[in-house]
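Protein chains in written order, with the working numbering: chain A, 1274 to 1387; chain B, 10 to 123. Glycine residues also receive a C-beta, built at the ideal position from the N, C-alpha and C atoms.
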Amino acid sequence: NAGVTQTPKFRILKIGQSMTLQCTQDMNHNYMYWYRQDPGMGLKLIYYSVGAGITDKGEVPNGYNVSRSTTEDFPLRLELAAPSQTSVYFCASSPTTGDGTEAFFGQGTRLTVV
Amino acid sequence: QQPVQSPQAVILREGEDAVINCSSSKALYSVHWYRQKHGEAPVFLMILLKGGEQKGHDKISASFNEKKQQSSLYLTASQLSYSGTYFCGTEIAVTQGGSEKLVFGKGTKLTVNP
């Protein structure tokens, strides 16, 4: 099983550019999450989805957008990139929550905005 | 909503024990524990559920005090491989009887020296 796959692994953006971080899972999980991790900091929830067609904001959604048209895919869109969005982005998925199911993480996308 | 972890950092010698704490201002459905090595994705350690059920690691134990909304991770006879940053994640209710999301604390950096 591939698990959770994120692309690209690394990216450098110029201020004001846009890009989409891709996340795909092959485990048929309902829940998917996007987190960002700044150097030496914890994981902050950007957006999450409880199923296809349903998304909701997390702790730090400003400057990002998401969509969930299929169970497998949960892309994260950055519009008008800013230096404050320099971070490592992790996508995660889980079958559900509330009954003891772990979250599976992708390997991360390291984004630098210059 | 973000759980609070303590301490922020711990330095141990191989064979020593450590306790990492996690507390929340919200009623918790469950507590997750993950470990992250530098430059890697977080890796699942264990989950503690309301009612006392645990799922996860053989060599690491944890407790969950539902009334106090706290959890503690116990690392005994630490090994060099235990080094990393430990995150607690908490599942909280978003809507009444509805979906939940997984939010993480800022992490506890554990260093085990020979």
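Beta carbon of residue i nearer than 8 Å to that of residue j
i, j, result
"Val112 of chain B", "Gln11 of chain B", "yes"
"Lys59 of chain B", "Tyr38 of chain B", "yes"
"Glu1352 of chain A", "Asn1335 of chain A", "no"
"Thr99 of chain B", "Ser34 of chain B", "no"
"Pro1356 of chain A", "Ile1285 of chain A", "no"
"Leu1316 of chain A", "Phe1363 of chain A", "yes"
"Gly1331 of chain A", "Ala50 of chain B", "no"
"Gly114 of chain B", "Cys31 of chain B", "yes"
"Ala1354 of chain A", "Gln1290 of chain A", "yes"
"Tyr1321 of chain A", "Lys110 of chain B", "yes"
"Pro123 of chain B", "Leu89 of chain B", "yes"
Close beta carbons around residue i, own chain, < 6 Å, minus the five adjacent residues each side
i, result
"Ser1367 of chain A", "His1302, Tyr1304, Thr1374 and Ala1376"
"Ala1275 of chain A", "Asp1299"
"Glu25 of chain B", "Ser87"
"Val1361 of chain A", "Gln1310, Gly1381 and Arg1383"
"Tyr1306 of chain A", "Tyr1321 and Ala1365"
Distance between beta carbons of residue j and residue i, contact taken as under 8 Å
i, j, result
"Gln41 of chain B", "Ile56 of chain B", "Per the sequence presented here, residue 41 of chain B reads as His, with Gln not at that position. Yes, they are in contact, since the Cβ atoms of His41 of chain B and Ile56 of chain B sit about 5 Å apart, within 8 Å."
"Gln1358 of chain A", "Leu1318 of chain A", "About 15 Å; that fails the 8 Å criterion."
"Val121 of chain B", "Ser70 of chain B", "About 17 Å; that fails the 8 Å criterion."
"Gln45 of chain B", "Thr94 of chain B", "5 Å"
"Thr1293 of chain A", "Arg1350 of chain A", "5 Å"
Close-in-space but distant-in-sequence residues of the same chain around residue i (CB under 7 Å, 5 per side omitted)
i, result
"Phe73 of chain B", "Val40, Leu57 and Ser80"
"Ala27 of chain B", "Val19, Leu21, Leu84, Ser87 and Leu119"
"Thr1280 of chain A", "Gln1295"
"Ala1325 of chain A", "Arg1341, Ser1342, Thr1343 and Thr1344"
"Gly107 of chain B", "Note that Gly107 of chain B scores a pLDDT of 46, beneath 50, so its modelled location is shaky; the value from the coordinates is reported in the next line. Counting only Cβ-Cβ distances below 7 Å, and skipping sequence neighbours, we find nothing."
"Thr1369 of chain A", "Asn1303 and Tyr1304"
Counterpart residues of residue i in DSSP-defined beta bridges
i, result
"Ile101 of chain B", "B:Lys110"
"Val52 of chain B", "B:Arg44"
"Asp1271 of chain A", "Residue 1271 of chain A lies beyond the stretch modelled for chain A, which goes from 1274 to 1387, so this question has no answer here."
"Asn74 of chain B", "B:Gln79"
"Gly1324 of chain A", "A:Ile1327"
"Val1339 of chain A", "A:Leu1349"
"Ser32 of chain B", "B:Val13 and B:Gln79"
"Gly1276 of chain A", "Paired residue(s): none; Gly1276 of chain A is not in a bridge."
"Tyr1308 of chain A", "A:Leu1318 and A:Phe1363"
"Ala18 of chain B", "B:Lys118"
"Gly93 of chain B", "B:Leu119"
"Ile1285 of chain A", "A:Thr1385"
8 Å CB neighbourhood of residue i in its chain, flanking five on each side removed
i, result
"Ile101 of chain B", "Gln10, Ser33, Lys35, Ala36, Leu37, Tyr38, Glu109, Lys110 and Val112"
"Gln78 of chain B", "Ser32, Ser33, Ser34, Lys35, Ala36 and Leu37"
"Met1314 of chain A", "none"
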